[in-house]
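> Here it is: the structure, laid out below.
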Amino acid sequence: MKTNLKVALVGNPNTGKSTLFNSLTGLNQKVGNFPGVTVDKKTGQSKLNDHQEAMVIDLPGAYSLYPKSKDEGIVLDVLVDPSNPVHPDLVVFIADATNLKRNLLLYTQVADLKIPVIIALNMMDLAKRSGFQIKVDELSAKLGVRIVPISARSGAGIADLKQAIAEAGTIPLQADVLDLKELLPDSRLIEDVQQEFSLKQAYTALQYLHHYQHLSFLTDSQIDDLAQRAEQSDFKSQQLQARETIARYQFINETLFDTFISPDNPVQESYSNRIDHILTHKIWGLAIFMAVLFIIFQSIYAWSEYPMSLIESLFIWLVNAVHDYLPAGALTNLLADGILAGLSGVLVFIPQIAILFAFIAVLEDTGYMARVTFMMDRIMRKVGLNGKSVVPIIGGLACAVPSIMSARNIENWKDRIITIMVTPLVSCSARLPIYTLLIALVVPDERLWGLFNLQGLALMGMYLLSMLSAVLVAWVMKYLIKARERGYFIMELPVYRMPRWNNVAFTMYEKVKAFVLEAGKVIIAISVILWVLASYGPPAKFKAIDQQFASPAYTAKYSVEQIDHLKASAKLENSFAGILGKSIEPVIKPLGFDWKIGIALITSFAAREVFVGTMATLYSVEGDASRMDSVKEKMASARNPETGQLVFTLPVAFSLMIFYAYAMQCMSTLAVVYRETKSWKWPITQFVYMTAMAYLASLLVYQFLK
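Sequential numbering from 2 applies to the sequence shown in this note's numbering.
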């Protein structure tokens, strides 16, 4: 028995696979990419007992080994390629106890690959409440595989499953489900492929013949060889797949005949259906969804106010302490006014990020998010999109990068491209710090009719605007991008369940951790670079500024503190950062933006949330070194030196929010679009149309409101 056993979790979608993965691995997880593709894989270490650990791989959900999407293709790739780094020593097959017949199709295919298998029979508690009767021991004997009844949500049976995994080395291989000699007229073809590719199992060789065009690990010469063999032997893939599926279901029906008894009227399912009559109604369903969004964005403001104040106070204390206790100089200023100021501008929004992801986790865990996807399918089809496009678009509320990757589930090329092109328009969590900061500056913290927080309404409006914009742009692209094939949408709605609060807490932890680590690294790097650019400039100009403010005209008129502030402002304007900002100011001035905002627009191209950190750094460099106000206070008091008016007025704030709502200010998104489309055409087009859209919309908003 290996201490580094590789265990793959395989199963249909909505069978509790991810829940089981979290139960087995806890916090000991990491995310990477499958070899050769950009689809995420999650791996984690599971302690089986005092002496053994296993690496657990959470494979994407699949209905069969005949993939209809690239995600399902990953499962096939991993299972049939022995050289794959995550090719498993053992498969834990997760089956829904209430839907065994459908689940066992994939199991019989995996079993014929002759990888040792354990079946984790999940949702046993739900099956019992619903009246299902499963004779586990008899079913285990008929399938020739060990079956462990579990409930991944409650944790029941997890210890037994770990023990079964630890004892996997003593489990005999399951018997063949199909006799390929009866299925294939020419069995020599399979034997030849086995010999050519050194494959131990005949069914693996059959998968090579079926899917050689889609197996990422095959070389061009191997693909050509398989194509030639298939053509010479008159290998009819679709016909054989149909015959195989019929044969497998015959086996499944015989196996379940006296081992699985289904109730005539499943109580839990009818209960879910009754709820769906309301929550998926074409009118009331959308109204309820809008109410849910309203509650989410009201809560983001109401619940985050106190913890945000604590974080602000902590950073103010830290910066003041650095200035008070460290010797004055460039390094102290860099630490206080560059790194800490930049981080404070973003980390203060951790409570709001956590609350947003907590709500998303609850909606997903209860099964409601699947209903939202189902409802939005009606709208998506009217604008020419596939219903599966809803998943990436709604996922864009969190982050566009994994959402664009999830578009691999869309088989139709046109639908997939349009989905990729419009998903970044949906307001992601990186925009949340910008929205909440600017809204707090110009929207009063008051209640409409004594109930509705105006700031929460403004935030909800920005998110609704982003989703509406994505739909409208998709409608336009429907006529610009041509394709012959039509898409389809098939989705299984899970039953409603209470959310697992430990899973909600884990999701919050993971998302906040990712936000802090990923955004933090970028912010620190940019803060250091920006502080240097904002603190230094052409020596001749800086020398002239020193002489100017040392003259009697200033020393006689202003105090030392006032002169220091005026000098810092003048040096910032003439610094390298100031020169950069001034160079683009004529282009952005019609939008209401000054040169400081221009610098933030440039730096935040790396990541949108850097905008807040940039403003914090710029105003820290310019401000009084003896005290540190929060970034909101600095921006609220900022004034235009030419007019004396406040910089961040209502027209400027909303113009800026609209710009960030539409602009492609994210290098990571452009990179993943290139990887997914294998062409620079689409990311360049995306950058150009989103930037143009952002400029025009921002211009209209500013000119209308000013």
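Backbone N, C-alpha and C fix where the C-beta goes; we use that ideal spot for every residue, glycine too. All of these numbers come straight from a predicted model, not from anything done at the bench.
Tell me which residues share the same chain as T260 and place their Cβ nearer than 6 Å to its Cβ, disregarding the 5 neighbours each side in the sequence.
Cβ within range, chain order: K136, E139 and L140.
> Which stretch, first to last residue, makes up the beta strand (DSSP E) that contains L91?
L91 to D97
> I need the straight-line Cα distance from Y696 to I659, nearest angstrom please.
C-alpha separation (whole angstroms): 9 Å.
> One question on the structure: do I421 and I482 come within less than 8 Å of each other, judged by their Cβ atoms?
no
> What span of residues does the alpha helix (DSSP H) with L122 cover, start to end?
L122 -> not in any alpha helix (DSSP H); beta strand (DSSP E) instead, spanning V118 to N123.
> Helix, strand or coil for G17, going by three-state DSSP, please let me know.
coil
> Could you tell me which of F507, S699, I527 and K572 sits nearest to G538, measuring between CA atoms?
K572
> Roughly how many angstroms lie between the CA atoms of V496 and C667, to the nearest whole one?
37 Å
> With respect to the beta strand (DSSP E) encompassing E54, which residues constitute its N-terminal and C-terminal limits?
Where E54 is concerned, the enclosing beta strand (DSSP E) stretches over E54 to D59.
> Just checking my contact of A337 with A617 at CB under 8 Å: how many whole Å lie between their CB atoms?
Contact annotation, A337 with A617: C-beta distance approximately 11 Å; criterion of less than 8 Å not satisfied.
> Looking at the secondary structure, which residues open and close the alpha helix (DSSP H) in which G158 lies?
Looking at the DSSP string, G158 is not in any alpha helix (DSSP H), and its letter there is neither H nor E.
> Just curious, the alpha helix (DSSP H) that L10 is in, first and last residue?
Note, L10: premise wrong, no alpha helix (DSSP H); beta strand (DSSP E) at N5 to G12.
> Determine the direct distance from the alpha carbon of S430 to that of A515, and round the result to whole angstroms.
12 Å
> Would you mind reading off the limits of the beta strand (DSSP E) that contains V149?
R147 to P150
> State the Cα-Cα distance for the pair T205 and E677, rounded to the nearest angstrom.
28 Å
> For D221, count neighbouring C-beta atoms within 10 Å of its own C-beta (all shown protein chains included) and say buried if the count is 16 or more, exposed if not.
exposed
> To the nearest angstrom, how far is it from the Cα of L60 to the Cα of L10?
6 Å
> Between A55 and A98, is the Cβ-Cβ spacing less than 8 Å?
Cβ distance not < 8 Å, so A55 and A98 don't count as in contact.
> I need the DSSP call for T44, collapsed to helix, strand or coil.
Three-state result, T44: strand.
> Within its chain, find whatever has a CB closer than 7 Å to the CB of F655; leave out the 5 residues flanking it on each side and keep chain order.
V702 and L706
> What residue from D180, S345, D277 and S238 has the CA that sits closest to L619's CA?
S345
> Kindly identify the DSSP beta-bridge partner or partners of Q134.
I262
> Name, in chain order, the residues that DSSP records as bridge partners for F316.
Looking at the DSSP assignment, F316 forms no beta bridge with any residue, so it has no partner.
> Can you tell me whether Q704 is helix, strand or coil according to DSSP?
helix
> Closest by CA to Y213, which one among I151, A228 and L200?
A228
> When the Cα atoms are used, what is the spatial distance from K590 to S699?
CA-CA distance, K590 to S699, rounds to 11 Å.
> Can you give the Cα-Cα distance for N5 and Q53, rounded to whole angstroms?
Using only the alpha carbons, I get a separation of about 8 Å.
> So L257 and L101 are in contact, right, with Cβ under 8 Å, and what is the actual spacing, rounded?
Sure, about 6 Å apart at Cβ, within 8 Å.
> What does DSSP give as the partner residue(s) for R448 in the beta ladder?
R448 pairs with N454.
> Grab me the residues of V474's own chain with a C-beta within less than 7 Å of its C-beta, minus the 5 sequence neighbours each way, in chain order.
V423 and L426
> Taking the DSSP output, what are the residues bridged to L647?
R640
> Rounded to whole angstroms, how far is the Cβ of Y675 from the Cβ of W681, which I believe are closer than 8 Å?
6 Å
> Alpha carbon to alpha carbon, how far is G339 from L332? Give it in angstroms, no decimals.
10 Å
> Just to confirm my understanding: we take S263, look at its own chain, exclude 5 residues before and 5 after, and list those with CB closer than 7 Å. What are they?
F133
> Going by Cα to Cα distance, which pick from E313, A441, V477 and K71 is closest to W414?
K71
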